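Residue numbers (our numbering): 119 to 434.
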């Protein structure tokens, strides 16, 4: 029997999962659609069913059930109570997800915020390794942030820390599902850039990756759309910089896959906005879209030890 844990990362559009061995090796990977178009109750049942499939796979292929499970979900998450408090993108409120999974799986379960969990992985084994203070900001369906301080990720009271995506960067701007107007994620998330570029180029199938390619080729409409997103992102990051003073800002998610098409103008925009603040190092995330899943595995493994968690070697 290979001792392993279940790692599950729930996103706005898809779920990524793995079975992770004691040595950090990924023994099995799987993906499913989140299915948010079917409503919040269906999403919850989909999560429980997917986790049960992973448990069954471990029994069949690795000699027994997992020792623990870790799950990362978006929105507001109260890790201490094991509750998914709120998600604008998935439409749920006050879901006792840890208890539901514990009942379904029959094993210890750790619940974490998807971005804080990804930040945990980036901090221990990724781009933030060795940094005393960092901010991890993935640009995906939405935007949130993980605040890393001395080897831990700050959750805040009741799990509300790090919601940088709901900083109002354009106060008279677009309505946000959270109830405010002009939130950062309405301008600089991958989904926001996809929508803006689809409208600008007249192709409803176009997405943020297509916009990045058009920017690289010099398309002026793409450059305009991209720069608007970069400017909004820089405004949000400088607000976070002023409040938190991170030494390193780690940018991940779909937009970060554009490489220097994103990072060069972003570094320039942040530099232009900084006055008294100390300019941080802005770097791409090292773990890609595996960060949340790897972090969920770390949460699960931390349940199995009563000592300080160690840094594993992870095979990606």
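Cβ coordinates follow ideal geometry from the N, Cα and C atoms, glycine included.
For clarity, every value in this text was computed on a predicted model and none was experimentally measured.
*Would you give the residue range spanned by the beta strand (DSSP E) that residue 127 belongs to?*
122 to 128
_Neighbourhood of residue 218 by C-beta distance below 8 Å, restricted to the same chain and skipping five residues each side_ = 162 and 166
_residue 417: first and last residue of the uninterrupted alpha helix (DSSP H) it sits in_ = 409 to 420
*Quick one: Cα of residue 178 to Cα of residue 168, how far?*
Going by the C-alpha atoms only, they are around 15 Å apart.
_Sufficient close CB pairs (3 or more, under 8 Å) joining the region 357 to 371 to the region 319 to 333_ = no
_Coil, strand or helix - residue 158 by DSSP_ = helix
_Backbone secondary structure at residue 142 - three-state DSSP_ = coil
*Quickly, what does DSSP pair residue 134 with across the bridge? List them, please.*
Residue 134 pairs with 127 and 149.
*Among 153, 129 and 124, which residue has its Cα nearest to the Cα of residue 146?*
124
*asked:* For the beta strand (DSSP E) containing residue 401, name the first residue and the last one.
replied: 399 to 402
*Per DSSP, which one or two residues make a beta bridge with residue 196?*
201
*What did DSSP end up calling residue 328 once you bin it into helix, strand or coil?*
In the structure shown, residue 328 sits in a helix (DSSP, three-state: H, G or I).
*How is residue 243 classed by DSSP in three states: helix, strand or coil?*
helix
*Are the beta-carbon atoms belonging to residue 348 and residue 387 less than 8 Å from one another?*
yes
*Please state whether DSSP places residue 271 in a helix, a strand or coil.*
strand
_Only counting the same chain, and skipping five residues up and downstream in sequence, which positions put a Cβ closer than 7 Å to that of residue 184?_
122, 123, 124, 137, 173, 176 and 225
*How many Å lie between residue 354 and residue 245 at the Cα?*
21 Å
*Do you know how far the Cα of residue 201 is from the Cα of residue 223?*
Cα to Cα, residue 223 sits roughly 17 Å from residue 201.
*Keeping to the same chain, check which residues put their C-beta closer than 6 Å to that of residue 314; ignore five residues upstream and five downstream.*
343
*Specify the secondary structure class of residue 394 as computed by DSSP and reduced to three states.*
coil
*Could you please give me the residues that DSSP links to residue 216 through a beta bridge?*
In the DSSP output, where bridge partners are listed per residue, residue 216 has none listed.
_Closest Cα partner of residue 170 within the set 399, 196, 227 and 192_ = Of the listed residues, the one whose Cα sits closest to residue 170 is 227.
*Alpha carbon to alpha carbon, how far is residue 395 from residue 235?*
Straight-line Cα distance between these residues: approximately 27 Å.
*For residue 310, which three-state DSSP category applies?*
Helix.
*Excluding five sequence neighbours on each side, which residues of the same chain lie with their C-beta closer than 6 Å to the C-beta of residue 215?*
Closer than 6 Å at the Cβ level, and outside the excluded window around residue 215, lie 202 and 229.
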